[in-house]
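Residue numbers (the numbering used here): 1 to 299. Virtual Cβ for every residue (Gly too), placed ideally from N, Cα, C. Step one of this worksheet: look at the structure below.
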Ligand SMILES: Nc1ncnc2c1ncn2[C@@H]1O[C@H](COP(=O)(O)OP(=O)(O)O)[C@@H](O)[C@H]1O
Ligand SMILES: [Mg+2]
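Here's what the structure looks like:
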């Protein structure tokens with residue numbers, strides 16, 4: 001049995017939407033020191049929700065991610081860009097301990113969620129994943145389950161046992177509302193999850209991730225398989241969700257990063273080359289390799 005208590009008894013308790021919103025508005029104000037106003041950009045007073053420290057991720061002996069230091073701010077969208085094979089997905093999967101599900105895979109360094117090491121002794125991967133949800137490139141609904149049961153399936157991860165039927169219905173509705181899908185599916189919650197469009201399936205997967213009320217949502221190229229209209233819906237959703245949660249999104253689409261993210265990180269050959277506010281990274285990159293990539297000279 002995985003030991004879940006240490007991580008939960010610290011500060012990894014599921015947080016309500018209200019709590020997250022309150023933290024987002026109150027904490028920066030409390031931390032703000034008037035004396036520091038002249039030297040500190042507003043950005044530097046934002047709280048860090050998730051932080052990678054000297055994080056490396058290996059497949060066997062090969063490092064796919066090397067020595068990454070990256071802080072992701074609370075209630076902001078951080079985009080991770082870079083050419084195919086540079087380690088974006090591997091880095092993202094190291095943020096919620098999905099990387100270790102691959103045989104022979106391991107990480108070194110650390111990842112902190114609100115200061116708590118997710119790879120710490122006695123911290124369970126299951127507990128970590130219910131606080132740090134993930135959505136993949138292709139929609140992955142459970143094909144034999146209904147729309148409702150797909151969202152409810154996320155709760156098993158949270159509770160171990162299912163809440164009552166009525167509570168489940170409320171949670172399912174709330175998650176579908178937050179995923180912007182409720183109006184489209186409320187009259188067919190019992191139909192198969194694969195009877196809806198690909199774009200709807202992807203929002204369903206987002207709803208499933210939201211059902212556990214995670215602090216962080218990891219999105220790995222969530223619109224790569226979607227048509228433009230569905231892509232726009234998911235982008236709008238990401239933009240809206242960040243008022244209540246921290247989002248990290250891998251994308252190979254630089255326009256998408258520019259549209260939806262607050263900060264952008266550029267990776268190359270497993271290393272983090274540069275991270276900056278999105279506008280700054282795309283207009284005044286500090287590293288010649290970032291500039292070469294964003295101007296289309298490779299990738
Ligand atoms: N399951 C795996 N086993 C071995 N090597 C892998 C595996 N998954 C990815 N890799 C390798 O790790 C590197 C980074 O891959 P990935 O993180 O998927 O890159 P990206 O998401 O940026 O395209 C690549 O060289 C890839 O071939
Ligand atoms: Mg990838």
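**Prompt:** By a C-beta neighbour count over all protein chains shown, 10 Å radius and 16 as the cutoff for buried, is residue 342 buried or exposed?
**Reply:** In this structure the chain extends from 1 to 299, so residue 342 is not present and cannot be described.
Exercise. So which residues touch the region around ligand 1, with touch meaning a C-beta under 5 Å from any heavy atom?
Worked result: Those residues whose C-beta sits under 5 Å from the nearest heavy atom of ligand 1 are, from N- to C-terminal order along the chain, 59, 64, 84, 85, 86, 87, 88, 89, 90 and 102.
Roughly how many whole angstroms lie between the Cα atoms of residue 200 and residue 227? For the purposes of this step, residue 200 is identified with residue 200 of the chain shown, where counting begins at 1. For the purposes of this step, residue 227 is identified with residue 227 of the chain shown, where counting begins at 1. The alpha-carbon atoms of residue 200 and residue 227 are separated by roughly 11 Å.
Quiz item: So, using beta-carbon positions, are residue 91 and residue 68 closer together than 8 Å?
Solution: Numbered from 1 along the chain shown, position 91 holds the residue referred to as residue 91. Numbered from 1 along the chain shown, position 68 holds the residue referred to as residue 68. Yes; because the gap between Cβ atoms is below 8 Å, this pair is in contact.
Can you confirm whether the stretch 215-226 touches the stretch 244-258 when touching is taken to mean that 3 or more C-beta pairs between the two stretches lie within less than 8 Å?
Flag = yes, the stretch 244-258 and the stretch 215-226 touch.
Original post:
At which residue ranges does the stretch 226-280 contain complete beta strand (DSSP E) runs of 3 or more residues, listed in the order of the chain?
Top reply: Entirely contained in the stretch 226-280, the beta strand (DSSP E) runs reaching 3 residues are, in chain order, 246-250, 263-268 and 271-277.
In its own chain, which residues sit with a C-beta less than 6 Å from the C-beta of residue 299, not counting the 5 before and 5 after it? As a first step, residue 299 is located in the chain shown; it is residue number 299 there, counting from the start. Excluding its 5 nearest sequence neighbours in each direction, residue 299 has C-beta neighbours in its own chain below 6 Å: 83 and 293, listed in chain order.
* Thinking C-beta only, is residue 242 closer than 8 Å to residue 75? -> The sequence position of residue 75 within the chain shown is 75, counting from 1. The sequence position of residue 242 within the chain shown is 242, counting from 1. Contact flag set, yes.
request  = Could you tell me which residues DSSP pairs with residue 133 in its beta bridges?
outcome  = Position 133 of the chain shown holds residue 133. The bridge partners DSSP lists for residue 133 are 217.
Using CA coordinates, which residue listed in 126, 115, 205 and 239 is at the minimum distance from residue 101?
Along the chain shown, one-based indexing puts residue 101 at 101. Ranking 126, 115, 205 and 239 by Cα distance to residue 101 puts 126 first.
Taking the runs of the beta strand (DSSP E) that are 3 residues or longer, which of them lie wholly in the stretch 38-82?
-> Segments of the beta strand (DSSP E) lying fully in the stretch 38-82: 48-59, 62-73 and 77-81.
Would you tell me roughly how many angstroms separate the C-alpha atoms of residue 42 and residue 196, rounded to the nearest one?
Here residue 42 is taken as the residue at index 42 of the chain shown, counted from 1. Here residue 196 is taken as the residue at index 196 of the chain shown, counted from 1. Unreliable placement is indicated for residue 42, whose pLDDT of 46 sits below 50; the coordinate value is still reported in the next sentence. Distance between the alpha carbons of residue 42 and residue 196 is about 43 Å.
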